[in-house]
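First the structure, in the form of structure tokens, and then the observations on it.
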Ligand SMILES: [Zn+2]
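The structure is reproduced here in structure tokens:
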């Protein structure tokens with residue numbers, strides 16, 4: 001895996017993920033969630049923020065199925081899916097991820113034919129190459 | 001000063017290019033110098049008169065080296081535009097502004113690139129950016145094709161656009177390249193069968209939805225409209241120029257705005273048309289940035305050639321072909337002539353308005369040229 005190069009704004013997301021929690025940066029003044037994380041709120045310009053825990057449920061907004069040529073780690077699992085998940089409790093927040101058959105399953109563990117825009121998914125976490133990443137399971141079927 | 005202060009006050013009077021190929025033996029610097037000197041020769045202007053340069057931040061030959069090599073005199077304006085292919089038309093816009101406001105008199109814009117034989121940025125794992133790479137790269141969104149493919153699938157889902165619509169884009173570009181001896185895909189026809197059975201790059205995008213990997217360089221020379229009248233070639237006026245970076249935009253992965261399918265093209269277009277004496281219906285020929293086929297229907301919507309969601313249907317019935325409603329990418333574009341970060345679209349626009357394109361639109365007097373969509377972008381309107 002390409003391990004994320006984490007910046008100061010993004011660090012809490014990964015720290016919470018390591019504890020098995022999906023959290024989204026939320027304005028401390030106007031309460032609007034925002035993604036990706038950044039120093040201040042684009043709606044009210046407050047620098048005050050909290051990290052709100054979300055339900056971990058969402059729907060597939062879109063997905064792609066990459067094929068080689070790819071970096072070796074990814075080529076070995078291709079074709080795999082990469083999805084964008086719209087969070088149920090914050091529809092404006094969309095997280096990139098992968099739909100897998102089980103938390104530790106490989107990227108190609110779900111037949112891409114089973115993926116549909118709008119399909120409900122729920123978050124799980126897996127530690128890969130020393131970092132905990134959110135991954136997604138299909139809720140039904 | 002009104003918004004149209006640049007209108008027709010400058011003109012492109014020279015264009016130059018090297019051959020395009022998967023591999024050229026010369027360095028990017030040498031190719032840049034060849035293209036620039038060819039453009040100055042085309043204009044009939046001595047290198048010592050050049051006093052302004054503009055290129056892309058991704059351009060690896062900088063103005064100091066280029067100015068020294070070609071024998072430029074004192075340089076009083078230089079500019080670099082960010083965001084890869086989004087910068088192409090902005091190089092022209094920056095020089096037009098510099099010349100129109102007296103900061104310089106002879107401007108050169110250029111792009112030199114060895115992408116065919118050189119490294120691909122996404123293969124260099126240390127090159128990933130902290131933001132937004134941390135939100136996409138770990139999950140296997142590695143290449144621009146993966147990032148744009150995500151928008152393309154959503155676009156197809158929301159509006160019923162089909163792979164046939166994307167094929168129409170690839171075919172129009174290939175048909176024009178088949179007429180252009182300088183194009184990499186000259187005399188190499190494309191069929192629907194070839195398209196539909198080609199290998200996937202990132203589903204829903206197949207091989208023919210992706211631009212070419214190319215080595216090559218191009219350049220343009222810009223002077224004031226007054227000076228242009230005394231130049232060797234028919235002037236092609238810079239009628240309007242715009243850049244576009246929409247609210248909450250995130251380069252390449254514009255997934256986090258309220259409306260990811262209305263991208264930078266919409267922002268650039270609003271500003272562009274505000275300056276212009278004419279509208280989309282008066283555009284005779286267009287050069288639409290085509291690193292990937294879905295960028296074309298998205299751009300057709302953004303620049304106002306059709307309504308929201310109608311870009312796919314717009315491609316039907318040969319609309320993008322010669323004689324169609326809006327002939328596009330008449331040199332073959334990034335998909336079939338050469339992918340040099342869109343600079344060949346600018347020079348092809350100039351050729352059309354000079355009347356010497358290999359796929360000439362009869363009597364073309366207006367041309368829209370656009371830069372990379374999906375990233376902060378730019379566009380110019382050219383006219384005779
Ligand atoms: Zn706020």
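Residue numbers (the UniProt record's numbering), protein chains in the order written: chain X, 1 to 141; chain R, 1 to 384. All C-beta atoms, glycine included, are put in the ideal place defined by N, C-alpha and C.
Beta bridge counterpart(s) of residue i as assigned by DSSP
i, result
"residue 122 of chain X", "X:57, X:137"
"residue 50 of chain X", "X:26"
"residue 139 of chain R", "Paired residues: none, contrary to the question."
"residue 80 of chain R", "R:55"
"residue 10 of chain R", "R:224"
"residue 237 of chain R", "R:11, R:383"
"residue 113 of chain X", "None; residue 113 of chain X has no bridge partner."
"residue 66 of chain R", "Answer is none; residue 66 of chain R lacks a bridge partner."
"residue 200 of chain R", "R:206"
"residue 65 of chain X", "R:203"
"residue 16 of chain R", "R:219"
"residue 181 of chain R", "Looking at the DSSP assignment, residue 181 of chain R forms no beta bridge with any residue, so it has no partner."
Beta strand (DSSP E) segment containing residue i, residue limits
i, result
"residue 278 of chain R", "No beta strand (DSSP E) holds residue 278 of chain R; DSSP gives it neither H nor E."
"residue 110 of chain R", "107–114"
"residue 53 of chain R", "52–56"
"residue 5 of chain X", "It is not in any beta strand (DSSP E) - residue 5 of chain X carries neither H nor E in the DSSP assignment."
Under the three-state DSSP convention, the category residue i falls into
i, result
"residue 45 of chain X", "coil"
"residue 165 of chain R", "helix"
"residue 25 of chain X", "strand"
"residue 210 of chain R", "strand"
"residue 367 of chain R", "strand"
"residue 217 of chain R", "strand"
"residue 128 of chain X", "strand"
"residue 232 of chain R", "coil"
"residue 103 of chain X", "coil"
"residue 171 of chain R", "helix"
"residue 38 of chain X", "coil"
"residue 269 of chain R", "helix"
"residue 394 of chain R", "Residue 394 of chain R lies beyond the range of chain R shown here (1 to 384); nothing can be said about it."
Contacting residues, own chain, Cβ-Cβ under 7 Å from residue i (five flanking each side not counted)
i, result
"residue 310 of chain R", "301"
"residue 82 of chain X", "63, 64, 66, 96, 98"
"residue 278 of chain R", "366"
"residue 9 of chain R", "100, 224, 225"
"residue 7 of chain R", "239, 240, 275"
"residue 286 of chain R", "326, 328, 367, 368"
Residue span of the alpha helix (DSSP H) that contains residue i, given as start and end
i, result
"residue 41 of chain R", "28–43"
"residue 311 of chain R", "311–314"
"residue 94 of chain R", "88–100"
"residue 347 of chain R", "343–354"
"residue 84 of chain X", "Per DSSP, residue 84 of chain X belongs to no alpha helix (DSSP H); it is in the beta strand (DSSP E), 82–87."
"residue 256 of chain R", "Unbroken run through residue 256 of chain R: none, as it is neither H nor E."
"residue 375 of chain R", "Segment: none, residue 375 of chain R is in no alpha helix (DSSP H) and carries neither H nor E."
"residue 302 of chain R", "295–302"
"residue 187 of chain R", "Here residue 187 of chain R belongs to no alpha helix (DSSP H), and DSSP marks it neither H nor E."
"residue 288 of chain R", "Here residue 288 of chain R belongs to no alpha helix (DSSP H), and DSSP marks it neither H nor E."
"residue 335 of chain R", "333–336"
Chain-ordered chain X contacts of residue i [CB-CB under 7 Å]
i, result
"residue 136 of chain R", "96"
"residue 140 of chain R", "66, 74, 80, 82, 98, 107"
"residue 248 of chain R", "42"
"residue 262 of chain R", "Chain X residues near residue 262 of chain R: none, gap ~15 Å exceeds 7 Å."
Within chain R, partners of residue i - CB distance below 8 Å
i, result
"residue 51 of chain X", "Those within 8 Å of residue 51 of chain X in chain R number zero; the least Cβ separation is about 15 Å."
"residue 87 of chain X", "Here the premise fails: no neighbours, minimum Cβ distance about 12 Å."
"residue 138 of chain X", "Residues of chain R passing the Cβ test: none, with the nearest at roughly 16 Å."
Cβ neighbours of residue i in the same chain (closer than 6 Å, five flanking residues each side left out)
i, result
"residue 132 of chain X", "17, 18, 125"
"residue 141 of chain X", "Residue placement at residue 141 of chain X cannot be trusted, given a pLDDT of 48 that sits under 50; what the coordinates show is reported in the next sentence. Cβ within range, chain order: n/a, list empty."
"residue 226 of chain R", "none"
"residue 112 of chain R", "28, 31, 32, 61, 217"
"residue 90 of chain R", "81, 243, 378"
"residue 156 of chain R", "none"
"residue 370 of chain R", "288, 289, 299, 379"
Under 9 Å by beta carbon: chain X residues contacting residue i
i, result
"residue 150 of chain R", "61, 62, 63, 64, 82, 83, 84, 96"
Within chain R, the residues that residue i reaches when beta carbons sit closer than 7 Å
i, result
"residue 92 of chain X", "258"
"residue 39 of chain X", "The contacting residues do not exist; residue 39 of chain X stays about 12 Å from chain R at best."
"residue 70 of chain X", "142"
Within chain X, the residues that residue i reaches when beta carbons sit closer than 8 Å
i, result
"residue 146 of chain R", "64, 66, 82"
"residue 153 of chain R", "62, 63, 64, 117"
"residue 88 of chain R", "Neighbours of residue 88 of chain R on chain X: none; closest Cβ ~26 Å, over 8 Å."
"residue 157 of chain R", "62, 117"
"residue 202 of chain R", "64, 65, 66, 67"
"residue 199 of chain R", "67"
Residue i: CB within 8 Å of a non-hydrogen atom of ligand 2
i, result
"residue 32 of chain X", "No copy of ligand 2 occurs in the structure displayed; its ligands are ligand 1 alone."
Cutoff 8 Å; reference residue i; Cβ partners in own chain excluding five residues on either side
i, result
"residue 282 of chain R", "366"
"residue 375 of chain R", "83, 84, 85, 86, 251, 252, 264"
Under 9 Å by beta carbon: chain R residues contacting residue i
i, result
"residue 133 of chain X", "138, 139"
"residue 36 of chain X", "131, 132, 134, 135, 250, 256"
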